[in-house]
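K.L.:
Going line by line, the protein sequences match chains L and C. My numbering puts the first residue of the first sequence at 1, with every later residue one more than the last. My numbering puts the first residue of the second sequence at 1001, with every later residue one more than the last.
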Amino acid sequence: MRMSAGAGDRVDWFGASPGSRAVKERTPSDVRDDALLVESARAGDRAAFGLLYERYARLVHGILMARVPLGEVDDLAQDVFVMALRRLSSLRDGARFGGWLAAIARNRANDHHRHSVSEVEWSDELPASERESGAMSNPKGATSAGEAATILAAIRSLPDAYKETLILRLVEGMTGPEIAERTGLTPGSVRVNLHRGMQQLRDKLERTLAGSEGQRERSSS
Amino acid sequence: MNAGNKASEGGTRNDYLWNGSGEPDPEIQRLEMLLRRYQRSGSTPVFPQVAQNRRWAFWPRMGMFPRLAAVAAAVVVVATVAVIVRGRKTIPAVLTGWNVTRVAGAPRVGARAMGANEGIGQLVEGQTLETDEGSQAHLTALETGEIEVDAGTRLRMERTETGFRRLVLDRGTIHAWIWAAPGKFVVDTPSALAVDLGCAYTLRVDDSGAGLLRTSRGWVGFQSNGHESFIPAGAACATRLRIGPGTPYFENAPEALRAALARFDFADSTAEQRADDLSIVLAESRKTDALTLWHLLARADESERARVFDRLAALVPPPTGVTREGILHLDRAMLDRWWNKLGFDDIAVWRHWEREWAGK
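1. Quick check: is the beta carbon of C:Leu-1123 nearer than 9 Å to any beta carbon in chain L?
2. Bridge partners of C:Tyr-1016, per DSSP?
3. Decide if C:Phe-1164 is buried, meaning its Cβ has at least 16 other Cβ atoms within 10 Å, or exposed.
4. Which residues, in order along the region 173-187 of chain L, keep a beta-carbon less than 7 Å from a beta-carbon of chain C?
5. By the three-class DSSP mapping on this structure, what secondary structure does C:Arg-1242 have?
6. If distances are taken between C-alpha atoms only, which option among C:Glu-1143, C:Ala-1113 and C:Glu-1125 comes closest to L:Leu-91?
7. Closest to C:Ala-1260 by C-alpha separation, out of C:Asp-1276, C:Phe-1250 and C:Asp-1268, would be which residue?
8. Near L:Glu-119, which residues of its chain fall below 7 Å by C-beta distance, leaving aside the five closest residues on each side in sequence?
9. Hey, quick one: how far does the alpha helix (DSSP H) through C:Glu-1302 stretch, first residue to last?
10. Could you name the residues of the same chain whose beta carbon sits closer than 8 Å to that of L:Asp-79, not counting the 5 residues immediately before and after it, in chain order?
11. Any Cβ of chain C within less than 9 Å of the Cβ of L:Ala-43?
12. What does a CB cutoff of less than 8 Å around L:Lys-204 pick up in its chain, not counting 5 residues either side in sequence?
13. Following the continuous alpha helix (DSSP H) through C:His-1329, name the residue where it begins and the one where it ends.
14. Opposite C:Tyr-1201 in the DSSP bridges: which residues?
15. For C:Leu-1035, return the contacting residues in chain L, with the cut-off set at a CB-CB distance below 7 Å.
16. Thinking C-alpha only, which one of L:Ala-102, L:Thr-208 and L:Ser-144 is nearest L:Thr-165?
17. Residues bridged to L:Ala-145 by DSSP?
18. Kindly indicate if chain L contains any beta-carbon less than 9 Å away from that of C:Thr-1270.
19. Quick one, are the C-beta atoms of L:Ala-95 and L:Ala-35 less than 9 Å apart?
20. Confirm, please, whether the CB-CB distance from C:Trp-1018 to L:Arg-226 is below 9 Å.
21. Name the chain L residues that come within less than 8 Å of C:Glu-1146, Cβ to Cβ?
22. List the DSSP bridge partners of C:Asn-1099.
23. With three or more C-beta pairs closer than 8 Å as the rule, is the region 1096-1110 of chain C touching the region 1128-1142 of chain C?
24. Tell me whether C:Asp-1207 is buried or exposed, calling it buried when 16 or more other Cβ atoms sit within 10 Å of its Cβ.
25. Using alpha carbons as the reference points, say which of C:Ile-1231, C:Arg-1242, C:Leu-1212 and C:Ala-1238 lies closest to C:Asn-1225.
26. Given a cut-off of 9 Å, decide if L:Val-171 and C:Tyr-1249 are closer than it, judged by their beta-carbon atoms.
27. With distances taken Cα to Cα, identify the nearest neighbour of C:Ala-1290 among C:Phe-1344, C:Arg-1263 and C:Pro-1245.
28. Against chain C, with Cβ distances strictly below 9 Å, would L:Ala-57 count as a contact?
29. Report the option in L:Ala-161, L:Gly-197 and L:Ala-84 whose CA atom is closest to the CA atom of L:Tyr-56.
30. Assuming C:Leu-1129 contacts C:Pro-1107 (C-beta within less than 8 Å), just tell me the rounded distance between them.
31. Out of C:Ala-1176, C:Ala-1180 and C:Lys-1184, state which residue places its alpha-carbon closest to the alpha-carbon of C:Leu-1213.
32. Following the continuous beta strand (DSSP E) through C:Arg-1154, name the residue where it begins and the one where it ends.
33. According to DSSP, which residues form a beta bridge with C:Gly-1221?
34. Given 8 Å as the limit, is there contact between the region 1333-1342 of chain C and the region 1169-1187 of chain C, that is, 3 or more CB pairs closer than that?
35. Kindly list the residues whose CB is nearer than 8 Å to the CB of L:Pro-187, restricted to its own chain and excluding five residues on each side of it in sequence; keep chain order.
36. Please decide whether C:Thr-1160 counts as near chain L, where near means a Cβ-Cβ distance under 9 Å.
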């Protein structure tokens, strides 16, 4: 990669290279709304922050659910919003609120792990009632609660980008465009994460199912 | 759930996964139905109550004294924040390093390659993050911001002699979105130092050490070899090894201006060619290109400077107290006052950073 001194080269070098792109921009109308709400919240309007909470609560909940034990999600989500409220003055571009909040949520989840005395394994954190009625222990594969627990555990074992996007889509009920808009990711990235994530989830669940059937066959023989 | 029957899934099924439209996909519908139990529930708290929900049980009883409740709420919010922040002793990420997440391929932090199932790594002082042509990474630091690292990038974290931590971009491209206070996020490159004074920019360095910085929001300072460049949103600035930052320009400036400016800054021109290029820049300048002309005052030699002054003064008259003589002698206070009249940002932010960075 070499640059010449020509101004045309400057433009081509940066603008036409397939690997390069500008910092992501969001243009939907509610970006303007975010900016206005952030501005109002900064000025002390807590109702405005309440609207931001309403708009982004599912996002924060989903991001945390992808990373921390289920029993911790609600408390940590509350922490994330309190941290955001405290730091709102440091957010210079209110239109970036979603991505900024998502970063706080991810970091809060990481911080939680760093400060946990002992990290709980995903499979052990599910409520006992759900584990006991889960697909593994049920010859038919399932009460819906147990099956849901198994599926959620499988999602949470996927790579970060996939598990976060799948949880936002399948658990929190957000659409792909909404996920892109709220997180600041490009729609293309979200679409890829959804489809690759789904493929990995199918593979994982098939392996799980095959493993449990094999176990049942061995125990019955 | 059968993976085999998904091979033939059509566009409408994909649409259902993407945005719930098109032909409903029974597999996705079933997952949605099963997983709905984990969805966030509960009503939206009325702020500031969100801060004490479940933590201060007495709060709901205060509804009969609304004014007192309002005052108490404010106190409780402050107290909650203090308890959470101090009680949990959250360490600002910038103090320990950057959290690194793999986006694609296998980015390396130090000697360790991050695989597909890798969690979050850390880039700390003395370490290097490298992405090959198939790798990308994402960096976050709670107190500072986020950085996307493109393929083919080498990024280090080091400490300066004055005790500041900074990133060093040896080659490649980063997209930075920074929310730390102005002047706190600094990226060094082989040919200039980039100082965040705003919030979003892209910085690219090639194998020769040359670079280009494009600002999309806020503004960024670029410094080396005694040259300073301030790059507001919509503008860009190139830099070259052993020369330092060139003159910033708006990316929508006339092509002739940008081409002449590039030659003026970096080409090995004769005095006559240089004068011709300057003439083109001056003639093509629009009012908004005062950005470029202001920077040229310090880059032009004495014989050229008067021409730049005249053109800039015609576009944006100097404020009271800023004289032609003072500008021709590069009086810094006068230059700063004129800059502030251009309407970009207050240069005092940069001067403060300079003092802090130099340890004065």
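Backbone N, C-alpha and C define an ideal beta-carbon position, used for all residues, glycine too. All figures in this text were calculated on a predicted structure; none of them were measured in a lab.
P.N.:
The short version:
1. no
2. Looking at the DSSP assignment, C:Tyr-1016 forms no beta bridge with any residue, so it has no partner.
3. exposed
4. Gly-173, Thr-175, Gly-176 and Pro-177
5. coil
6. C:Glu-1143
7. C:Asp-1276
8. Residue confidence is low: L:Glu-119 scores 39 on pLDDT, short of 50, so the model does not pin down where it sits. No coordinate-derived value is stated.
9. 1302-1315
10. Arg-108
11. no
12. Ala-154, Ser-157 and Leu-158
13. Careful: C:His-1329 lies outside any alpha helix (DSSP H) and carries neither H nor E.
14. C:Ala-1176 and C:Thr-1215
15. Ala-148, Ile-151, Leu-152, Leu-170 and Val-171
16. L:Ala-102
17. Per DSSP, none; premise fails for L:Ala-145.
18. no
19. yes
20. Chain L is shown only over 1 to 221; residue 226 of chain L falls outside these bounds and no answer can be derived.
21. Gly-99 and Ala-103
22. C:Gln-1122 and C:Thr-1140
23. yes
24. exposed
25. C:Arg-1242
26. no
27. C:Phe-1344
28. yes
29. L:Ala-84
30. 6 Å
31. C:Ala-1176
32. 1153-1159
33. C:Val-1195 and C:Phe-1230
34. no
35. Gly-176, Pro-177 and Ala-180
36. no
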